[in-house]
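Novice: Protein sequences, first through last, are from chains F and P. With the UniProt record's numbering applied, the first sequence corresponds to residues 1 to 228, in that order. With the UniProt record's numbering applied, the second sequence corresponds to residues 1 to 228, in that order. Before I ask anything, here is the structure I am working with.
There are 2 protein chains.
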Amino acid sequence: GRKVLIVYAHQEPKSLNGSLKRVAVEELSKQGCSVMVSDLYAMQFEPRATRNDIVGCLQNSEEFNYGVETWEAYKRGGLSNDLIEEQKKVKEADLLIFQFPLYWFSMPAIMKGWMDRVLVQGFAHEFPNCYDSGLLQNKLALFSFTTGGSKEIYTKGGISGDIRYLLWPMQHGIMHFCGVRVLAPHICFAPEYVSEEERKEMLIAWAQRLKTLWKEEPINCSPEWYFE
Amino acid sequence: GRKVLIVYAHQEPKSLNGSLKRVAVEELSKQGCSVMVSDLYAMQFEPRATRNDIVGCLQNSEEFNYGVETWEAYKRGGLSNDLIEEQKKVKEADLLIFQFPLYWFSMPAIMKGWMDRVLVQGFAHEFPNCYDSGLLQNKLALFSFTTGGSKEIYTKGGISGDIRYLLWPMQHGIMHFCGVRVLAPHICFAPEYVSEEERKEMLIAWAQRLKTLWKEEPINCSPEWYFE
Chain F
1 GRKVLIVYAH
11 QEPKSLNGSL
21 KRVAVEELSK
31 QGCSVMVSDL
41 YAMQFEPRAT
51 RNDIVGCLQN
61 SEEFNYGVET
71 WEAYKRGGLS
81 NDLIEEQKKV
91 KEADLLIFQF
101 PLYWFSMPAI
111 MKGWMDRVLV
121 QGFAHEFPNC
131 YDSGLLQNKL
141 ALFSFTTGGS
151 KEIYTKGGIS
161 GDIRYLLWPM
171 QHGIMHFCGV
181 RVLAPHICFA
191 PEYVSEEERK
201 EMLIAWAQRL
211 KTLWKEEPIN
221 CSPEWYFE
Chain P
1 GRKVLIVYAH
11 QEPKSLNGSL
21 KRVAVEELSK
31 QGCSVMVSDL
41 YAMQFEPRAT
51 RNDIVGCLQN
61 SEEFNYGVET
71 WEAYKRGGLS
81 NDLIEEQKKV
91 KEADLLIFQF
101 PLYWFSMPAI
111 MKGWMDRVLV
121 QGFAHEFPNC
131 YDSGLLQNKL
141 ALFSFTTGGS
151 KEIYTKGGIS
161 GDIRYLLWPM
171 QHGIMHFCGV
181 RVLAPHICFA
191 PEYVSEEERK
201 EMLIAWAQRL
211 KTLWKEEPIN
221 CSPEWYFE
């Protein structure tokens with residue numbers, strides 16, 4: 001059976017994001033997948049990249065360099081436990097689903113902190129092993145999120161621009177950088193401004209998509225997909 | 001005298017980011033500006049958007065909605081003290097400088113949390129007052145950051161794409177959305193891979209730019225600037 005990690009960032013289980021997460025757990029479990037969930041707010045996940053992420057002595061305690069110190073700590077098994085736990089889940093997973101409400105054209109800080117802290121050098125990439133030769137090859141990622149604004153404003157002529165513009169840092173800059181192939185995003189536009197009926201249809205559409213997810217081809221994660 | 005708020009996110013005062021911050025404080029003070037600094041790691045700034053940001057009762061404690069609750073709390077003066085403090089600084093400032101190392105094509109989570117939590121509806125925007133009619137008009141913002149990768153990889157033909165692509169969510173999606181006009185970014189590429197001499201030149205160049213900063217015109221913060 002395939003393994004899926006859902007990294008989930010919403011404060012409220014009753015929210016649409018909470019329901020989308022539950023639908024994914026149910027549908028994927030029904031398929032025989034083993035599903036892990038990192039419920040970041042419930043875990044009170046630490047988003048700040050600090051010296052606390054390294055257990056024991058630093059390589060250079062005179063001038064703290066987070067990237068260098070976490071790389072070294074990773075190699076000697078000296079990262080903090082919460083990071084080791086998350087890395088174990090990532091390592092096992094065939095698919096990473098990120099479920100969140102869009103905050104400021106990006107993911108909420110608590111999820112950005114997951115990226116900043118979990119995907120350390122040595123584990124997820126190690127120069128020159130990045131992009132197509134990143135260390136998390138043979139995995140897939142899917143960004144599933146809700147927006148405040150309508151679909152119309154997130155178009156080329158719309159005031160917020162094509163929704164793909166804001167996917168570049170997340171999909172290309174993070175996932176592709178680590179060698180992960182990216183499936184098309186799943187976007188629920190403006191759920192707060194539609195009827196209860198339409199929100200239910202959003203959940204059904206997500207469950208439907210998940211039924212044939214493993215047959216999907218990754219997107220071509222290059223500037224053409226985002227900007228042309 | 002003009003007022004400047006530097007929102008600064010680096011763990012190490014001896015880093016280049018720390019030096020860039022100090023240079024800005026010195027140069028702007030010398031000009032007669034009053035300079036405020038939010039040193040996010042030193043403040044142990046909270047990046048997580050949670051119920052703790054609202055003092056007292058919630059509008060709807062059955063189903064927590066962060067955007068709605070912080071908007072209401074703002075209107076009745078019921079946001080947590082750390083947010084009120086930051087909003088005071090933003091309100092006073094003519095110019096916001098964001099100083100940080102680029103983490104994953106974006107700002108570190110601790111700074112993303114500052115955006116998520118400080119720029120609440122009612123304070124920074126209030127539909128339909130967004131973009132050119134956002135509530136923080138007559139302010140300027142400048143993103144000043146360091147990168148791990150070289151200038152060459154952040155070009156249209158380079159593997160990481162034009163550096164402007166990743167500025168879209170930060171400059172347009174956040175600052176422009178709040179009505180803030182954006183000055184050209186200040187980017188120090190790959191300081192870890194250049195000589196001590198070249199790092200000193202980077203500090204001098206920043207001080208030089210700041211001398212004539214108030215004469216600069218904001219960029220045209222529209223898709224053309226970013227993607228053409």
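Every residue gets a Cβ at the ideal spot worked out from N, C-alpha and C, and that includes glycine.
Please name the residue or residues paired with Y8 (chain P) in a DSSP beta bridge.
Specialist: Counting from one through the second sequence, the residue named residue 8 (chain P) turns up at place 8. DSSP, once it has assigned bridges, lists P:D39 and P:Q99 as partnering Y8 (chain P).
Novice: Using DSSP's beta-bridge definition, name the partner residues of E126 (chain F).
Specialist: Counting from 1 along the first sequence, the entry for residue 126 (chain F) is found at position 126. According to DSSP, which records beta bridges pairwise, E126 (chain F) is partnered with F:N129.
Novice: Tell whether a beta-carbon distance below 9 Å holds between W206 (chain P) and V37 (chain P).
Specialist: Mapped onto the second sequence, residue 206 (chain P) falls at position 206. Mapped onto the second sequence, residue 37 (chain P) falls at position 37. No, Cβ-Cβ distance for W206 (chain P) and V37 (chain P) is not below 9 Å.
Novice: Using a Cβ-Cβ cutoff of 9 Å, what residues of the segment 160-188 of chain P are near chain F? List them in chain order.
Specialist: Cβ contacts with chain F: S160, G161, D162, Y165, L166, W168, P169, M170, H172, G173, I174 and F177.
Novice: How is Q181 (chain F) classed by DSSP in three states: helix, strand or coil?
Specialist: In the first sequence, the residue the question calls residue 181 (chain F) occupies position 181. A small correction: the amino acid at residue 181 (chain F) is Arg; Gln does not occupy that position in the sequence shown. Looking at R181 (chain F) - three-state DSSP - the assignment turns out to be strand.
Novice: For F189 (chain F) and E152 (chain F), I'd like the C-alpha separation in whole angstroms.
Specialist: The count along the first sequence starts at 1 and reaches residue 189 (chain F) at position 189. The count along the first sequence starts at 1 and reaches residue 152 (chain F) at position 152. Each residue's Cα considered, the two are about 9 Å apart.
Novice: State the CB to CB distance for the pair H172 (chain F) and P101 (chain F), rounded to an integer number of angstroms; the pair is presumed to be in contact (CB under 8 Å).
Specialist: Taking the first residue of the first sequence as 1, we reach residue 172 (chain F) at position 172. Taking the first residue of the first sequence as 1, we reach residue 101 (chain F) at position 101. About 21 Å separates the two Cβ atoms, so there is no contact after all.
Novice: For a test of the three-state rule: what should DSSP assign to F143 (chain P), helix, strand or coil?
Specialist: Along the second sequence, read from residue 1 onward, the residue named residue 143 (chain P) stands at position 143. Strand, per DSSP.
Novice: Using a C-beta cutoff of 9 Å, does I6 (chain P) count as contacting chain F?
Specialist: On the second sequence, residue 6 (chain P) is found 6 positions in, with the first residue counted as 1. No - not a single Cβ of chain F is within 9 Å of the one on I6 (chain P).
Novice: Going by DSSP, what residue range makes up the beta strand (DSSP E) through I187 (chain P)?
Specialist: Taking the first residue of the second sequence as position 1, residue 187 (chain P) is located at position 187. H186 to C188 is the extent of the beta strand (DSSP E) around I187 (chain P).
Novice: Check K3 (chain F) in the structure and name its three-state DSSP category.
Specialist: Locating residue 3 (chain F) in the first sequence gives position 3, counting from the first residue. K3 (chain F) falls in the strand class under three-state DSSP.
Novice: Beta-carbon of Y66 (chain P) versus every beta-carbon of chain F: anything under 9 Å?
Specialist: Along the second sequence, one-based indexing puts residue 66 (chain P) at 66. Closer than 9 Å: yes.
Novice: Mapping DSSP to helix, strand and coil, what is Q208 (chain F)?
Specialist: Taking the first residue of the first sequence as 1, we reach residue 208 (chain F) at position 208. Correct three-state label for Q208 (chain F): helix.
Novice: Taking K112 (chain P) and S144 (chain F) to be in contact with their CB atoms under 8 Å, please state how far apart those CB atoms are, rounded to whole angstroms.
Specialist: Along the second sequence, read from residue 1 onward, the residue named residue 112 (chain P) stands at position 112. Along the first sequence, read from residue 1 onward, the residue named residue 144 (chain F) stands at position 144. With a Cβ gap of about 19 Å, K112 (chain P) and S144 (chain F) do not count as contacting.
Novice: Is G148 (chain F) close to chain P? Criterion is C-beta to C-beta, closer than 9 Å.
Specialist: Taking the first residue of the first sequence as 1, we reach residue 148 (chain F) at position 148. Interface residue, yes.
Novice: If you draw a straight line from the C-alpha of E85 (chain P) to the C-alpha of K139 (chain F), how long is it?
Specialist: As a working mapping, residue 85 (chain P) is identified with position 85 in the second sequence. As a working mapping, residue 139 (chain F) is identified with position 139 in the first sequence. Rounded to whole angstroms, E85 (chain P) to K139 (chain F) spans 43 Å at the Cα level.
Novice: Does the structure place the segment 173-182 of chain P close enough to the segment 119-132 of chain P that three or more beta carbon pairs sit under 8 Å?
Specialist: Enough Cβ pairs lie closer than 8 Å, so yes.
Novice: Give the interface partners of W104 (chain P) over in chain F, defined as CB-CB distance under 9 Å, in chain order.
Specialist: Mapped onto the second sequence, residue 104 (chain P) falls at position 104. Neighbours of W104 (chain P) on chain F, chain order: K112, M115, D116, L119, P169, M170, G173, I174 and F177.
Novice: Taking only the alpha-carbon atoms, compute the straight-line gap between D39 (chain F) and I110 (chain P) and give it to the nearest angstrom.
Specialist: Within the first sequence, numbered from 1, the residue matching residue 39 (chain F) stands at position 39. Within the second sequence, numbered from 1, the residue matching residue 110 (chain P) stands at position 110. If I take the Cα positions, the gap works out to 19 Å.
Novice: Expressed to the nearest angstrom, what Euclidean distance is found between the alpha-carbon atoms of N60 (chain P) and E69 (chain P)?
Specialist: Translated into positions along the second sequence, residue 60 (chain P) becomes position 60. Translated into positions along the second sequence, residue 69 (chain P) becomes position 69. Taking the straight line joining both Cα atoms gives about 8 Å.
Novice: Please compile the residues from chain P whose C-beta is within a distance smaller than 7 Å of the C-beta of P191 (chain F).
Specialist: In the first sequence, the residue the question calls residue 191 (chain F) occupies position 191. Under the 7 Å cutoff, chain P gives no residues; its nearest Cβ is about 11 Å from P191 (chain F).
Novice: If you follow the alpha helix (DSSP H) that E27 (chain P) is in, where does it begin and where does it stop?
Specialist: Residue 27 (chain P) sits at position 27 when you count from the first residue of the second sequence. Where E27 (chain P) is concerned, the enclosing alpha helix (DSSP H) stretches over L16 to K30.
Novice: Tell me, which residues are paired with L136 (chain P) by DSSP?
Specialist: Against the second sequence, residue 136 (chain P) aligns to sequence position 136. Note: L136 (chain P) sits in no beta bridge, so no partner.
Novice: Helix, strand or coil for I84 (chain F)? Go by DSSP, reduced to three states.
Specialist: For the purposes of this step, residue 84 (chain F) is taken as residue 84 along the first sequence, with counting starting at 1. In the structure shown, I84 (chain F) sits in a helix (DSSP, three-state: H, G or I).
Novice: Count the other CB atoms, across all protein chains shown, that sit within 10 Å of the CB of N81 (chain F); report buried if there are 16 or more and exposed otherwise.
Specialist: For the purposes of this step, residue 81 (chain F) is identified with residue 81 of the first sequence, where counting begins at 1. By the 10 Å Cβ count, N81 (chain F) comes out exposed.
Novice: Which residue comes first and which comes last in the alpha helix (DSSP H) that contains I110 (chain P)?
Specialist: Looking up residue 110 (chain P) in the second sequence gives position 110. Looking at the DSSP string, the run of the alpha helix (DSSP H) that includes I110 (chain P) is A109 to V118.
Novice: Between S19 (chain P) and chain F, is any beta-carbon pair separated by less than 9 Å?
Specialist: Sequence index remark: in the second sequence, residue 19 (chain P) carries index 19 (1-based). No, no contact with chain F.
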